[in-house]
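Shown next, in structure tokens, is the structure this report addresses.
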Amino acid sequence: MAHYRALGRLPRQRHTQLRDEDGHLFREELMGEEGFSSDSSLLYHRGVPSAITDSTVWDLPDQSRTPNHPLKPRHLKLHDLATGTCPVEGRRLVLGNNDVRIGYVVTGTDASPLYRNAIGDECVYVESGSGTVETVFGVVPYRAGDYVLVPRAADHRWVPAEPSRLYAIEASSHIHPPKRYLSRFGQLLEHAPYCERDLHGPTDLEALVERSRDVTDVEVLVKHRTSAGIVGTRLTYATHPFDVVGWDGCLYPYTFNIEDYMPITGKVHQPPPVHQVFEGWNFVICNFLPRKVDYHDLAIPVPYYHSNVDSDEVMFYVGGDYEARKGSGIGIGSISLHPGGHAHGPQPSAIEASLGVEYFEESAVMVDTFAPLELGEGGLAVEDPAYAWTWAGRGPDASDDVGRDDGGPAVFSNS
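Take the sequence shown: its position 68, counting from 1, is numbered 68 in full-length UniProt numbering, and each next residue is one higher.
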């Protein structure tokens, strides 16, 4: 995110000396993306950020994935998913591919261990709850409706003030605003549905520095990749990573709340890209929010049937009124997966019922991927076996691998 910030103590010019009151030299660290040819920040440490004293295996939660085969749409009931209470170690994998993984956790109020994702950026949607994320850049408060963006390799820990439902989107790349929203110099443009003043960066750096003073042998959980896939390591550092006395640059964690997103509407039904908020490599993140709908005299407010032939579509329903989906099982806390190769949209009765509607009261977070998604063990644990047959109102005559049809009515997707 190319929006400059600075916090704490800095030398007047980069790559020059910065010393404490006793004359000790602070250690400068450059954290940069894409081989230091993209966004970066400079951090000034009391200790040596490379000084490790131990390295052992961190056994990750189950990362296995099951292909969506035979092909069918899926409904996953996340509110039925039992998770651990640690914001990091308690996450269960719901869906994923090599570009992005979606996890879910219902936290307690204990802080997580120090954690670093060395695979890619994380975008964590806060379904409910509040607290802070302590980072090497300072403290980032979070509340319900926030996206919490944490850059790749940034040490941090979650400190919930209350139990929180966290929907973790873990990339194998960087996550940033869509390029079409940005000027050639990186400013969010007038047609973008949000601007820089809606992005909230770290504060309270000094408090973290004081708490880290003289703390030694600090363990950090690191998620990274090998030729065998995603693995974990426990690195022990000689000094605390939160010993940063100052930093500046364009790379840092921040939050963006969906209340500050300005939905784009039109005279007729608008396609999903108008709802986009972020993007990564081979996937996009959108949010569907309360909004006025189409105002053409003959407009049909619900979506047309659509086959997004290059994408798998994941909708996470987080708020609002889903009267049109009664009987399908879809509700708050549901995920629908509509894979590429399958057309989806409204049932005929839903189309007629939507005519004349002027406002949608709904909130959902959507992830569209350009490679097929597979089901994680958490997703398989809470699947509704009847969902695939709800458009037809009937299912197969015999049991299959996900169960038989329950005769529920057809549904439509709000995307």
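Glycine included, C-beta positions come from ideal geometry on N, C-alpha and C.
Same chain only: Cβ atoms within 8 angstroms of residue i, ignoring 5 sequence neighbours per side
{"i": "residue 4", "result": "248, 249 and 250"}
{"i": "residue 55", "result": "233, 234, 235 and 236"}
{"i": "residue 71", "result": "339, 341 and 342"}
{"i": "residue 155", "result": "114, 115, 116, 135, 136, 220, 241 and 242"}
{"i": "residue 253", "result": "133, 135, 137, 140, 148, 149, 150, 151, 154, 156, 201 and 202"}
{"i": "residue 19", "result": "25 and 26"}
{"i": "residue 283", "result": "99, 100, 171, 367, 368, 369 and 370"}
{"i": "residue 40", "result": "30, 31, 32, 33, 249, 250 and 251"}
Cβ-based neighbour list, residue i, same chain, cut-off 7 angstroms, excluding 5 preceding and 5 following
{"i": "residue 28", "result": "15, 42 and 44"}
{"i": "residue 295", "result": "267"}
{"i": "residue 289", "result": "258, 261, 263 and 363"}
{"i": "residue 81", "result": "92, 104, 378, 381 and 382"}
{"i": "residue 198", "result": "256 and 260"}
{"i": "residue 245", "result": "8, 9, 26, 44, 46 and 209"}
{"i": "residue 183", "result": "189"}
{"i": "residue 216", "result": "238 and 239"}
{"i": "residue 66", "result": "374, 375 and 380"}
{"i": "residue 62", "result": "93 and 377"}
{"i": "residue 181", "result": "188, 189 and 192"}
Straight-line gap, residue i to residue j (C-alpha atoms, nearest Å)
{"i": "residue 123", "j": "residue 168", "result": "6 angstroms"}
{"i": "residue 309", "j": "residue 126", "result": "30 angstroms"}
{"i": "residue 52", "j": "residue 151", "result": "21 angstroms"}
{"i": "residue 8", "j": "residue 17", "result": "15 angstroms"}
{"i": "residue 287", "j": "residue 97", "result": "21 angstroms"}
{"i": "residue 357", "j": "residue 138", "result": "46 angstroms"}
{"i": "residue 319", "j": "residue 230", "result": "33 angstroms"}
{"i": "residue 107", "j": "residue 297", "result": "47 angstroms"}
{"i": "residue 193", "j": "residue 25", "result": "44 angstroms"}
{"i": "residue 385", "j": "residue 339", "result": "16 angstroms"}
{"i": "residue 367", "j": "residue 313", "result": "6 angstroms"}
{"i": "residue 293", "j": "residue 102", "result": "30 angstroms"}
{"i": "residue 175", "j": "residue 68", "result": "26 angstroms"}
{"i": "residue 321", "j": "residue 355", "result": "17 angstroms"}
{"i": "residue 35", "j": "residue 172", "result": "16 angstroms"}
{"i": "residue 291", "j": "residue 360", "result": "6 angstroms"}
{"i": "residue 391", "j": "residue 350", "result": "11 angstroms"}
{"i": "residue 144", "j": "residue 204", "result": "21 angstroms"}
{"i": "residue 214", "j": "residue 331", "result": "50 angstroms"}
{"i": "residue 77", "j": "residue 278", "result": "25 angstroms"}
{"i": "residue 399", "j": "residue 329", "result": "The predicted position of residue 399 is uncertain, since its pLDDT is 45 and thus under 50; a value taken from the coordinates is nonetheless stated next. When rounded, the distance between both Cα atoms is 19 angstroms."}
{"i": "residue 207", "j": "residue 128", "result": "26 angstroms"}
{"i": "residue 110", "j": "residue 165", "result": "14 angstroms"}
{"i": "residue 223", "j": "residue 317", "result": "28 angstroms"}
{"i": "residue 121", "j": "residue 161", "result": "24 angstroms"}
{"i": "residue 228", "j": "residue 59", "result": "14 angstroms"}
{"i": "residue 280", "j": "residue 142", "result": "22 angstroms"}
{"i": "residue 112", "j": "residue 6", "result": "26 angstroms"}
{"i": "residue 12", "j": "residue 38", "result": "22 angstroms"}
Cβ-based burial, residue i [other Cβ within 10 Å; buried from 16]
{"i": "residue 202", "result": "buried"}
{"i": "residue 64", "result": "exposed"}
{"i": "residue 276", "result": "buried"}
{"i": "residue 189", "result": "exposed"}
{"i": "residue 422", "result": "No statement about residue 422 is possible, as the shown extent of the chain runs from 1 to 415 and does not include it."}
{"i": "residue 241", "result": "buried"}
{"i": "residue 336", "result": "buried"}
{"i": "residue 273", "result": "exposed"}
{"i": "residue 149", "result": "buried"}
{"i": "residue 394", "result": "exposed"}
{"i": "residue 75", "result": "buried"}
{"i": "residue 57", "result": "exposed"}
{"i": "residue 83", "result": "buried"}
{"i": "residue 301", "result": "buried"}
Own chain, CB closer than 6 angstroms to residue i, minus 5 neighbours either side, in chain order
{"i": "residue 219", "result": "234 and 236"}
{"i": "residue 373", "result": "95, 97 and 312"}
{"i": "residue 239", "result": "47"}
{"i": "residue 49", "result": "29"}
{"i": "residue 388", "result": "72 and 73"}
{"i": "residue 79", "result": "333"}
{"i": "residue 225", "result": "119"}
{"i": "residue 146", "result": "126, 255 and 257"}
Contact test: residue i Cβ vs the ligand HEM heavy atom, cutoff 7 angstroms
{"i": "residue 34", "result": "Absence of the ligand HEM from the depicted structure is noted, as is the absence of any ligand whatsoever, leaving it without description."}
Completely contained beta strand (DSSP E) runs for the region 59 to 125, where each covers 3 or more residues = With a minimum length of 3 residues, the continuous beta strand (DSSP E) runs that stay inside the region 59 to 125 are 74 to 77, 92 to 96, 100 to 106 and 114 to 117.
Are the region 81 to 97 and the region 258 to 268 touching by the rule of at least three beta carbon pairs closer than 8 angstroms?
-> No, because fewer than three Cβ pairs between the region 81 to 97 and the region 258 to 268 fall closer than 8 angstroms, the two stretches do not touch.
What runs of the beta strand (DSSP E), each 3 residues or longer, lie entirely inside the region 203 to 280?
-> Within the region 203 to 280, the runs of beta strand (DSSP E) at least 3 residues long that lie entirely inside it are, in chain order, 216 to 226, 229 to 239, 244 to 249, 254 to 257 and 276 to 280.
Which residue spans inside the region 319 to 390 form an unbroken beta strand (DSSP E) run of at least 3?
-> Counting only runs that start and end inside the region 319 to 390, the beta strand (DSSP E) elements of at least 3 residues fall at 334 to 338, 362 to 369 and 374 to 376.
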